[in-house]
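This report concerns only the one structure given below.
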Amino acid sequence: MHMADALISPVVGAGGWAATLGLAGYSARIIKKKIEEPNIALMGVGAAFVFAAQMINFSIPGTGSSGHLGGGLILAALLGPHAAYLAMASILTIQALFFADGGLLSLGCNVFNLAFFPCFLAYPLLFRRLTGGTPSRARLSWVSVVTAVVGLQLGAMAVVIETQLSGISALPLREFLLLMLPIHLAIGVVEGLATAAVLMFVHQARPDVLHFTEAKPPSSKPLIFGLLGCAVLVGAVVSWFASGQPDGLEWSMEKTSGSAELESPDTAVYSTAADVQKKVSFLPDYKLPNNDETVTVENENTASSWPAVDVGTSLSGIVGIALTLLLAGLIGLGIRRRSSVQNQS
Amino acid sequence: MGKLADSVVAIGNLDLLSYSDSFIHRLDARSKLLVTLAYLITVVSWNRYAIWPLIPLASYPLVLGLSGHVPAREVFKRLLFAAPFVVLVGIFNPVFDTAPFAEVMGVSISAGWISFLSILIRFVLTVSATLVLIAVTGMDPLCSAAEKLGAPRIFVMQLAFLYRYLFVLILTALRMIRAAEMRSFNRSRLSVSHFGSLVGHLLLRTVDRAQRIHVAMCARGFNGCFPQRRPMRFTVRDFGFAVVWLLFFATIRFSDLVTTIGQLVLRGLG
Chain A
-5 MHMADALISP VVGAGGWAAT LGLAGYSARI IKKKIEEPNI ALMGVGAAFV FAAQMINFSI
55 PGTGSSGHLG GGLILAALLG PHAAYLAMAS ILTIQALFFA DGGLLSLGCN VFNLAFFPCF
115 LAYPLLFRRL TGGTPSRARL SWVSVVTAVV GLQLGAMAVV IETQLSGISA LPLREFLLLM
175 LPIHLAIGVV EGLATAAVLM FVHQARPDVL HFTEAKPPSS KPLIFGLLGC AVLVGAVVSW
235 FASGQPDGLE WSMEKTSGSA ELESPDTAVY STAADVQKKV SFLPDYKLPN NDETVTVENE
295 NTASSWPAVD VGTSLSGIVG IALTLLLAGL IGLGIRRRSS VQNQS
Chain B
61 MGKLADSVVA IGNLDLLSYS DSFIHRLDAR SKLLVTLAYL ITVVSWNRYA IWPLIPLASY
121 PLVLGLSGHV PAREVFKRLL FAAPFVVLVG IFNPVFDTAP FAEVMGVSIS AGWISFLSIL
181 IRFVLTVSAT LVLIAVTGMD PLCSAAEKLG APRIFVMQLA FLYRYLFVLI LTALRMIRAA
241 EMRSFNRSRL SVSHFGSLVG HLLLRTVDRA QRIHVAMCAR GFNGCFPQRR PMRFTVRDFG
301 FAVVWLLFFA TIRFSDLVTT IGQLVLRGLG
């Protein structure tokens, strides 16, 4: 459920990056403060472990399909929430760079969805509280499933919200939620079972390597932080809905679905946002002088309508584009020639 | 376990490409990273029905890829691999967004199809730019660039660690899987309990390995940062690279130069 660059808007991407960088800075500070000599090797190699382990499949009895490990929970159980958050972020970075899973711009959102919820909410608030210090096998396994499910559901919900706010996909909120949540409920159960199987083995063999078996009970600080995080999240989401509703069709859809807080706010913030939106979302008219066939999209109910759109496949646009790309190709080949000549000489 | 082997090949190929030498490879990683981010922002800043203005932006991955000797096959392979999620979400646009948008030769096209096409173009542009960036820069320079640009050091270091040990861990996992398969006759997939002990063993080995690495690093005087292979210097060339591309993006974004050129050429021809 990695968000892709193709589906997000710059504002949502920047928001995700801001949240992710803030949390990364916070985690790095905590790690430095708590541990005088942080074991970076364990963090890095632990992340590599999750990367490799996620590609090992097991069969799900009675279905014929297969499942694999989820990353956030097992890393949190191994490294503690702060180091696990950074390790997950690095896994997602590698996936974005080498596998095109997600993208650089959506990396902030992806880290938030897949690392923040399991590491900072589900693990300290559910897993540690429910397992206690030395859990039984049965307890460890149902707690793992519950934690994995909750973490993944929150992440899936965040994906839906971010996609909606970006306004690139036309999927209505309700349908998108109905699509995402059940799928991720099933995935969460499977990932939870896989995590439980691994944790049970390790807990039996070497309980000392696991983070949650430390005698010290969890402090209430993560709880306060978690609640604060929720409050900020909700606040940010609601305010985004109020101010930057990205486009008209989406807008009217939301209105017909009858949600009360989606009323059009008539405030200065809204009109400024709409102005900015107008300025950055123009579509140039690709039109030959005598071509009058224009088709307009009607956007009632919105301040951010764009100018009349002419999609006549006008020649000048195509010629211009072709020339630009040709020029780009020639420049690329030219530089390549030159640098290989330099290398030979 | 084709997936494991595939990923080794995938990362290995991109990694090998980053060691070749060209004008683009020699540029400072910070310059390339910042320009690529600006590029991605330019691509996604268009509204959801934009198609034509996006296409000239293909110039950026094109120039970088061609001058950096990045084989197109590598990029396309990875594009296909990553496409499903985007296509799955995008394909609902024609379903829910049925307002008529344009008429081409008597056939009405709904707005949803236009925005779906726009999503596909965005996908190709953003993904190819990212892949080309890593292929002409390499992971280590990108890590140093991220640190120089303000990413927390502890994060950057463990990212470098992850990258260095990915191959080792994946190959270890591959060997364990192969051993399990050879001992389980015709059952091709693991049961949950076998999975638990197999991956658990992998985890324990990982912890031990990390401990050995940590001790070895401390014994060799690790002081909290990796030494640089070559010092990073932001030269006039890097500055020029950034300025030229930023001007190009701004021109495409805020003016209609491409169409004007097309009109001039057409007028010149006829």
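Same order as they appear, the protein sequences are chains A and B. Using the numbering used here, the first residue of the first sequence is number -5, and each one after it goes up by one. Using the numbering used here, the first residue of the second sequence is number 61, and each one after it goes up by one. The beta-carbon is built from N, C-alpha and C at its ideal position, and this holds for glycine as well.
Between which residues of its own chain and Val130 (chain B) is the CB-CB distance below 7 angstroms, once the five residues before and five after are set aside? Locating residue 130 (chain B) in the second sequence gives position 70, counting from the first residue. Contacts found: Leu77, Val192, Ala195 and Val196.
If you measure between the beta carbons of Leu124 (chain A) and Arg133 (chain A), is that distance less than 9 angstroms? The sequence position of residue 124 (chain A) within the first sequence is 130, counting from 1. The sequence position of residue 133 (chain A) within the first sequence is 139, counting from 1. In contact: Leu124 (chain A) and Arg133 (chain A) (Cβ atoms closer than 9 angstroms).
Quick check on DSSP: helix, strand or coil for Ile2 (chain A)? The residue you call residue 2 (chain A) lines up with position 8 of the first sequence. In the structure shown, Ile2 (chain A) sits in coil (DSSP, three-state: anything other than H, G, I, E or B).
Spell out the partners DSSP gives Leu306 (chain B) in its beta bridges. Your numbering for residue 306 (chain B) matches position 246 in the second sequence. Leu306 (chain B) pairs with nothing; no bridge assigned.
What residues are listed by DSSP as bridge partners for Leu17 (chain A)? By 1-based counting over the first sequence, the position of residue 17 (chain A) is 23. Partner(s): none; Leu17 (chain A) has no beta bridge.
Alpha-carbon spacing of Gly128 (chain B) relative to Asp88 (chain B), whole angstroms: Locating residue 128 (chain B) in the second sequence gives position 68, where the first residue counts as 1. Locating residue 88 (chain B) in the second sequence gives position 28, where the first residue counts as 1. If you take the alpha carbons of Gly128 (chain B) and Asp88 (chain B), they lie about 14 angstroms apart.
First and last residue of the alpha helix (DSSP H) that includes Ser168 (chain B)? Within the second sequence, numbered from 1, the residue matching residue 168 (chain B) stands at position 108. From DSSP, Ser168 (chain B) is part of no alpha helix (DSSP H) but of the beta strand (DSSP E) over Val167 to Ser170.
Give a yes or no on whether the C-beta atoms belonging to Pro212 (chain B) and Leu73 (chain A) are separated by under 9 angstroms. By 1-based counting over the second sequence, the position of residue 212 (chain B) is 152. By 1-based counting over the first sequence, the position of residue 73 (chain A) is 79. Against a cut-off of 9 angstroms, the Cβ pair of Leu73 (chain A) and Pro212 (chain B) comes out as no contact.
Reduced DSSP category for Gly61 (chain A) - H, G, I as helix; E, B as strand; rest coil: Residue mapping note: residue 61 (chain A) aligns to position 67 of the first sequence, counting from 1. Note: Gly61 (chain A) maps to strand in three-state DSSP.
Which residues does DSSP pair with Glu163 (chain B) in a beta bridge? Within the second sequence, residue 163 (chain B) is the residue found at index 103, counting from 1. Partner(s): B:Ser168.
Among the residues of its own chain, which have a CB less than 7 angstroms from the CB of Ile24 (chain A), if the five just before and after it don't count? Residue mapping note: residue 24 (chain A) aligns to position 30 of the first sequence, counting from 1. When the five nearest sequence neighbours on each side are left out, the beta carbons in the same chain lying within less than 7 angstroms of the beta carbon of Ile24 (chain A) are those of His76, in order along the chain.
Mind checking whether Tyr109 (chain B) and Ile174 (chain B) have CB atoms under 9 angstroms apart? As a working mapping, residue 109 (chain B) is identified with position 49 in the second sequence. As a working mapping, residue 174 (chain B) is identified with position 114 in the second sequence. In this structure, the beta-carbon distance from Tyr109 (chain B) to Ile174 (chain B) falls below 9 angstroms.
Would DSSP call Leu317 (chain B) helix, strand or coil? As a working mapping, residue 317 (chain B) is identified with position 257 in the second sequence. Per DSSP, reduced to three states, the secondary structure at Leu317 (chain B) is helical.
Nearest neighbour of Ala316 (chain A), chosen from B:Ala159, B:Arg297, B:Phe286 and B:Leu122 [CA to CA]: Working through the first sequence from its first residue, we reach residue 316 (chain A) at position 322. Shortest Cα-Cα distance from Ala316 (chain A) to any of B:Ala159, B:Arg297, B:Phe286 and B:Leu122 involves B:Leu122.
Alpha carbons only, please: which of A:Ile325, A:Ala188 and A:Thr157 is nearest the one belonging to Val304 (chain B)? On the second sequence, position 244 is the one that residue 304 (chain B) refers to. Scanning A:Ile325, A:Ala188 and A:Thr157 for the CA closest to the CA of Val304 (chain B) turns up A:Ile325.
Since Ser257 (chain B) meets chain A, which of its residues come closer than 7 angstroms, beta carbon to beta carbon? In the second sequence, the residue the question calls residue 257 (chain B) occupies position 197. Phe195, listed in chain order.
Starting from Ile273 (chain B), trace the alpha helix (DSSP H) both ways and give me its first and last residue. Residue numbering aside, residue 273 (chain B) sits at position 213 when the second sequence is read from its first letter. Note, Ile273 (chain B): alpha helix (DSSP H), Val252 to Ala279.
Quick one: is Gly322 (chain B) near chain A, going by C-beta distance under 9 angstroms? Position 262 of the second sequence, counted from the first residue, corresponds to residue 322 (chain B). For Gly322 (chain B), the nearest beta carbon of chain A is closer than 9 angstroms to its own beta carbon.
How many Å lie between Ala279 (chain B) and Ser251 (chain B) at the Cα? Along the second sequence, one-based indexing puts residue 279 (chain B) at 219. Along the second sequence, one-based indexing puts residue 251 (chain B) at 191. Straight-line Cα distance between these residues: approximately 42 angstroms.
Find the residues of chain E that neighbour Lys26 (chain A), judging by a C-beta separation of less than 8 angstroms, and give them in chain order. Among the protein chains in the structure shown, which are A and B, there is no chain E.
Using a Cβ-Cβ cut-off of less than 8 angstroms, list which residues of the region 41 to 52 of chain A approach chain B; keep chain order. So the list reads Ala41, Ala42, Phe43, Phe45, Ala46, Ala47, Met49, Ile50, Asn51 and Phe52, given in the order they occur along the chain.
Chain A beta carbons: is any one of them nearer than 9 angstroms to that of Leu306 (chain B)? Counting from one through the second sequence, the residue named residue 306 (chain B) turns up at place 246. Interface residue (Cβ-Cβ distance to chain A less than 9 angstroms): Leu306 (chain B) is not classified as such.
Exposed or buried, which one is Asn283 (chain B) when buried takes at least 16 other CB atoms within 10 Å? Position 223 of the second sequence, counted from the start, is the residue given in the question as residue 283 (chain B). Counting other Cβ atoms within 10 Å of its Cβ, Asn283 (chain B) stays below 16 and is therefore classed as exposed.
Is Val267 (chain B) close to chain A? Criterion is C-beta to C-beta, closer than 9 angstroms. As a position in the second sequence, residue 267 (chain B) is number 207, starting the count at 1. Proximity of Val267 (chain B) to chain A, defined by a Cβ-Cβ separation below 9 angstroms, is satisfied.
Just checking: is the beta-carbon of Gly281 (chain B) within a distance shorter than 9 angstroms of some beta-carbon in chain A? In the second sequence, the residue the question calls residue 281 (chain B) occupies position 221. Not closer than 9 angstroms to any Cβ of chain A, the Cβ of Gly281 (chain B) fails to qualify, so no.
Residues of its chain near Phe121 (chain A), where Cβ-Cβ distance is below 8 angstroms and the 5 sequence neighbours each way are ignored: Residue numbering aside, residue 121 (chain A) sits at position 127 when the first sequence is read from its first letter. Closer than 8 angstroms at the Cβ level, and outside the excluded window around Phe121 (chain A), lie Leu67, Ala70, Ala71, Val137, Ser138, Thr141 and Phe206.
Bounding residues of the alpha helix (DSSP H) (the contiguous stretch that carries Ser82 (chain B)): In the second sequence, residue 82 (chain B) corresponds to position 22, counting from 1. Annotation: Ser82 (chain B) is outside any alpha helix (DSSP H) and is labelled neither H nor E by DSSP.
Under three-state DSSP, which class holds Ser84 (chain A)? Along the first sequence, one-based indexing puts residue 84 (chain A) at 90. The three-state secondary structure of Ser84 (chain A), taken from DSSP, is helix.
With DSSP collapsed to three states, give me the class of Ser105 (chain B). Taking the first residue of the second sequence as 1, we reach residue 105 (chain B) at position 45. In this structure, DSSP gives Ser105 (chain B) a state outside helix and strand, which the three-state scheme calls coil.
Please work out which residues of its chain come closer than 7 angstroms, Cβ to Cβ, to Val184 (chain A), disregarding the five sequence neighbours upstream and downstream, and give them in chain order. Here residue 184 (chain A) is taken as the residue at index 190 of the first sequence, counted from 1. Around Val184 (chain A): Ile54 and Gly61.
Asn104 (chain A) lies in the alpha helix (DSSP H); which residues open and close that run? Here residue 104 (chain A) corresponds to residue number 110 of the first sequence, with the count starting at 1. Bounds of the alpha helix (DSSP H) holding Asn104 (chain A) are Leu101 to Val105.
Who are Ser53 (chain A)'s beta bridge partners in DSSP? As a position in the first sequence, residue 53 (chain A) is number 59, starting the count at 1. DSSP output for Ser53 (chain A) lists A:Ser60 as bridge partner(s).
Tell me, please, whether the region 168 to 187 of chain A touches the region 42 to 50 of chain A by the rule of three or more beta-carbon pairs shorter than 8 angstroms. Cβ pair count under 8 angstroms is below three, so no.
Gly172 (chain B): contacting residues in chain A (beta-carbon distance under 7 angstroms): Taking the second sequence and counting its residues from 1, one reaches residue 172 (chain B) at position 112. Going along chain A in sequence order, the residues near Gly172 (chain B) (Cβ under 7 angstroms) are Ala164.
Nearest-angstrom Cα separation, counted from Pro287 (chain B) out to Arg389 (chain A): Beyond the ends of chain A as shown, which are -5 and 339, falls residue 389 (chain A); an answer cannot be given.
Under 8 angstroms from the C-beta of His(-4) (chain A): neighbouring residues of chain B: Numbered from its first residue, the first sequence carries residue -4 (chain A) at position 2. Under a criterion of Cβ atoms nearer than 8 angstroms, the residues of chain B adjacent to His(-4) (chain A) are, in order, Phe145.
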